[in-house]
Amino acid sequence: MENLLQQLLNGVTWGSIYALIALGYTMVYGVLRLINFAHGEVYMMGAMSGYYTAHWLGLAGAPSVTGLVVVLVASMLVCGLLGALIERVAYRPLRGAGRLAPLITAIGVSLLLQNAGQLVFGADPKFFPPLLRSEEVFRAGEVAISNIQLTVLVTALLLMGALEYIVQRTRFGRAMRAVSYDAPAAALMGVPVDRVIAGTFVLGSMLAAAAGILVGLSNPKIDPLMGLMPGLKAFVAAVLGGIGSVPGAMVGGLLLGVIETLVTGYLSSTYRDAIAFVILVVILLYRPTGLFGASTTEKV
Amino acid sequence: MRGAARAAVCVVSWALGALACGGGQGGDTIVVGHVASMTGDTATFGRSADQGIRMAVEEANAAGGVLGKKLSVVTEDDRSVTEEARSAAQKLIQRDQIIALLGEVASSRSLAAAPEAQRAKVPMISPGSTNPKVTEVGDYIFRACFIDPFQGAVMARFAADELHAKRFAILFDFKQDYSVGLAEFFRDTVKKNGGEIVADERYTSGDIEFRAQLTTIRAANPDVIFVPGYYTELGLIAKQARELGITVPLLGGDGWDSEKTLEIGGDAVEGYFFSTHYAADSDNPRVQEFVKRFTAKYGATPDAMAALGYDSAGILVDALKRAGATDGAKLRDAIAATSGFDGVTGKISIDPQRNARKDAVVLKIEGGKFRYYRTVSAE
Numbered sequence: 001m002e003n004l005l006q007q008l009l010n011g012v013t014w015g016s017i018y019a020l021i022a023l024g025y026t027m028v029y030g031v032l033r034l035i036n037f038a039h040g041e042v043y044m045m046g047a048m049s050g051y052y053t054a055h056w057l058g059l060a061g062a063p064s065v066t067g068l069v070v071v072l073v074a075s076m077l078v079c080g081l082l083g084a085l086i087e088r089v090a091y092r093p094l095r096g097a098g099r100l101a102p103l104i105t106a107i108g109v110s111l112l113l114q115n116a117g118q119l120v121f122g123a124d125p126k127f128f129p130p131l132l133r134s135e136e137v138f139r140a141g142e143v144a145i146s147n148i149q150l151t152v153l154v155t156a157l158l159l160m161g162a163l164e165y166i167v168q169r170t171r172f173g174r175a176m177r178a179v180s181y182d183a184p185a186a187a188l189m190g191v192p193v194d195r196v197i198a199g200t201f202v203l204g205s206m207l208a209a210a211a212g213i214l215v216g217l218s219n220p221k222i223d224p225l226m227g228l229m230p231g232l233k234a235f236v237a238a239v240l241g242g243i244g245s246v247p248g249a250m251v252g253g254l255l256l257g258v259i260e261t262l263v264t265g266y267l268s269s270t271y272r273d274a275i276a277f278v279i280l281v282v283i284l285l286y287r288p289t290g291l292f293g294a295s296t297t298e299k300v
Numbered sequence: 001m002r003g004a005a006r007a008a009v010c011v012v013s014w015a016l017g018a019l020a021c022g023g024g025q026g027g028d029t030i031v032v033g034h035v036a037s038m039t040g041d042t043a044t045f046g047r048s049a050d051q052g053i054r055m056a057v058e059e060a061n062a063a064g065g066v067l068g069k070k071l072s073v074v075t076e077d078d079r080s081v082t083e084e085a086r087s088a089a090q091k092l093i094q095r096d097q098i099i100a101l102l103g104e105v106a107s108s109r110s111l112a113a114a115p116e117a118q119r120a121k122v123p124m125i126s127p128g129s130t131n132p133k134v135t136e137v138g139d140y141i142f143r144a145c146f147i148d149p150f151q152g153a154v155m156a157r158f159a160a161d162e163l164h165a166k167r168f169a170i171l172f173d174f175k176q177d178y179s180v181g182l183a184e185f186f187r188d189t190v191k192k193n194g195g196e197i198v199a200d201e202r203y204t205s206g207d208i209e210f211r212a213q214l215t216t217i218r219a220a221n222p223d224v225i226f227v228p229g230y231y232t233e234l235g236l237i238a239k240q241a242r243e244l245g246i247t248v249p250l251l252g253g254d255g256w257d258s259e260k261t262l263e264i265g266g267d268a269v270e271g272y273f274f275s276t277h278y279a280a281d282s283d284n285p286r287v288q289e290f291v292k293r294f295t296a297k298y299g300a301t302p303d304a305m306a307a308l309g310y311d312s313a314g315i316l317v318d319a320l321k322r323a324g325a326t327d328g329a330k331l332r333d334a335i336a337a338t339s340g341f342d343g344v345t346g347k348i349s350i351d352p353q354r355n356a357r358k359d360a361v362v363l364k365i366e367g368g369k370f371r372y373y374r375t376v377s378a379e
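Chains A and B, in that order, are what the protein sequence lines are. Taking our numbering, the leading residue of the first sequence gets 1, the next gets one more, and so forth. Taking our numbering, the leading residue of the second sequence gets 1, the next gets one more, and so forth.
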């Protein structure tokens, strides 16, 4: 029983990373009906910019909460800009060009970032500097929570809360929902659609950057290809929750993390990656709208 | 004058139909290839081996070269990717016309490269691949190190004798032939000696999250955990194990032998043991001399892969001298006849299965350093 609790805790922590990445997929899909396959690479860039920020500011040798916050904010800013840049350069020129062209560009951007990353950062894995000293903060019998797991979980939940607030309670959030609901109509009502879309990319990229930093904190190995698998998994999480649905991405991410952990812990890690993609196929076959997605009828 | 002489040699050998001139091999250099992971997940293996090989070759050249010619090394990077080891070997054999192939360190990648060397009848010496299957590829494939059944048995016996372990857990990388093999022989030895395997978990190279497996292992309450993987994952595993409150020691094989283990693992790897090929702090004068020269040249203490790279090139130079020729079959026979070669990783004799027979050492991680703990003999 204690074992199961520990595994659930491991799973929720791991899943919160997926959830943060999945949010970017789902928001962009919401406003553009585009699967932004370069999103996993934005997550990689988040971890990389965190790595370099920490080293440049001399935070690598001295673990502190302030250091962590500085690195987190810096890398969210860098990736926010990167997200806006990707949207401006790779997707906006293709607006209205059908759905296939931007999808192909997305894959192009993804490959570009992976390979440019290998050129610039080198193909070797890097070891994310320890921004927090690992300590046990809570223990009940066998169940142990470290400050690192707690930080990952709390930061992820705070960011998701902030996002929910932005989407539901701010002018920008309302504009985003309007564009997502019906972009041409929103444009006619005076919503600056281009700016809203750019803003959506910025928000999603910032969350991906945060995921990159949190992974660096709890699993400190980063490399230019690290975005590939988590990118795909987060996509599965977004589909599982219902693509286009913000709460869906959160629940989908956490659920996928828990499922993977339980499969690894009780069956074998051999099945772990397969399970994620089996879920994708099953969801697409039997409930394409996912857990939270509303079914819509295609306008003809 | 020299050009004319070379042309004359070419004409003569063309007339004899024995040697092809041109390509990389003509004239006064003998070209040796090295397939190595210079970048990627196990980059320190390739780089260390390459440094060792180049040092051995420079020393051989400074001592007058081999067969009246100078040796040169061409290194081809496989980026730590199994499939690329094969194409790297192909490139070296076809483009550079190498007379012998050194590498790879990782068994999976040696297994990918070996069929190419075997087909071209180019002798290959792997510095550090310990999986038995590597030399079974063919009679042109050798290694400068011991094999996994020995290494796995060493650590299983060590855990039982020195650490008085009765309950054993294993966490291995099922994508790496090296790790699978080591886990298998460890398992067998434990069972044969009446120990109990209480948890047998696996991961995949490149994984970064191991808490699920470690939680299962923790619940099984083992005395030791055998992690026969490579250093990159080990560092993360050690950290996550400590976070989960696991205090029993982790044991490993030569895949841990890299400075990176200390860099990534930090405090988390303190007090752990692993078996490897040599100890840099050994008091053997041959080793001390090597460590001194290596440190002067590269500014770092040589790890096991550097020592094995040095020895594998040493075996090749020794064999070339005895063979008196660079053609594949003669060179192969000379390497196979290696006996009592005085390497820095011990006295090396090549056995009929083309493996090196020699002792293993167990190192302990203490005070942020690898320290010599004890030697386990091959007999």
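Virtual Cβ for every residue (Gly too), placed ideally from N, Cα, C.
- A residue is called buried when at least 16 other Cβ atoms come within 10 angstroms of its Cβ; Asp78/B meets this threshold and is buried.
- Counting along the chain, the unbroken beta strand (DSSP E) around Met124/B starts and ends at 124 to 126.
- Residue-level contact by beta carbon fails for Ile283/A and chain B, as no gap is shorter than 8 Å.
- A distance below 6 Å between beta-carbons, with the five flanking residues on each side excluded, links Phe370/B to the following residues of its chain, in chain order: Leu363.
- Chain-order list of chain B residues neighbouring Gly122/A: Thr39, by C-beta distance under 8 Å.
- Segment contact: the segment 81 to 90 of chain B against the segment 99 to 116 of chain B, three or more CB-CB distances shorter than 8 Å; contact assigned.
- At a cut-off of 4 residues, the continuous stretches assigned as alpha helix (DSSP H) that sit fully inside the segment 37 to 65 of chain B are 43 to 62.
- Of all residues in the segment 102 to 128 of chain A, only Gln118, Gly122, Ala123, Asp124, Pro125, Phe127 place a beta-carbon less than 9 Å from a beta-carbon of chain B.
- Here Tyr25/A carries a helix assignment [DSSP, helix/strand/coil].
- The CB of Thr247/B never comes closer than 8 Å to any CB in chain A; the least such distance is about 12 Å.
- Boundaries cannot be given for Ala337/B, as no alpha helix (DSSP H) includes it and DSSP labels it neither H nor E.
- Within chain A, the residues Ser134, Pro220 have their CB atoms less than 8 Å from the CB of Lys239/B, given in chain order.
- Beta-carbon to beta-carbon, Met55/B and Tyr310/B are separated by about 6 Å, close enough to satisfy the 8 Å threshold.
- About 22 Å separates the beta carbon of Phe273/B from that of Val344/B, a gap too long to meet the 8 Å contact definition.
- Annotated as distal: Lys358/B and Phe186/B, with beta-carbon spacing of 8 Å or more.
- Shortest Cα-Cα distance from Asp273/A to any of Ala249/A, Val236/A, Gly248/A, Pro247/A involves Val236/A.
- Residue pairing for Asp77/B: DSSP places it in a beta bridge opposite Ala36/B.
- With its beta carbon at least 8 Å from every one in chain B, Ile275/A lies outside the interface.
- Under the three-state reduction of DSSP output, Glu233/B falls in the helix class.
- Less than 8 Å divides the Cβ of Leu131/A from the Cβ of Pro63/A.
- At least one beta carbon of chain B lies nearer than 8 Å to the beta carbon of Thr261/A.
- Within its own chain, the residues whose Cβ lies closer than 8 Å to the Cβ of Lys260/B, once the five positions on either side in sequence are excluded, are Thr44, Tyr231, Thr232, Gly235, listed in chain order.
- Between Ser16/A and chain B, the shortest Cβ-Cβ separation is not below 8 Å.
- Our two residues, Gly122/A and Ala106/A, have alpha carbons roughly 23 Å apart in a direct line.
- In the structure shown, Lys297/B adopts helical secondary structure according to DSSP, grouped into three states.
- The segment 143 to 163 of chain A makes no contact with the segment 226 to 241 of chain A: fewer than 3 CB pairs, one atom from each, lie closer than 8 Å.
- Within the same chain, Cβ atoms closer than 6 Å to the Cβ of Asp351/B are found at Arg357, the five residues on either side in sequence being excluded.
- Relative to the Cα of Ile225/B, the nearest Cα in the group Val190/B, Gly245/B, Ile170/B, Asn193/B belongs to Ile170/B.
- Residue pairing of Ala169/B in beta bridges, as defined by DSSP: Ala199/B, Ile225/B.
- Distances from the CA of Ile365/B to each of Ala329/B, Ser282/B, Trp256/B, Gly346/B were compared; the closest alpha carbon is that of Trp256/B.
- Residues of the same chain with a CB within less than 6 Å of the CB of Gly128/B, apart from the 5 flanking positions on each side, are Val105, Cys145, Met305, Leu308 in chain order.
- One thing to note: Ile125/B has its Cβ within 8 Å of the Cβ of Ile335/B.
- The DSSP assignment places 259 to 265 as complete runs of the alpha helix (DSSP H) inside the segment 232 to 279 of chain B, in order along the chain (cut-off: 4 residues).
- It is roughly 35 Å from the alpha-carbon of Gly65/B to the alpha-carbon of Asp124/A.
- At the C-beta level, Ile217/B and Ala238/B stay beyond 8 Å of one another.
- Val122/B and Ala100/B have their C-alpha atoms roughly 5 Å apart.
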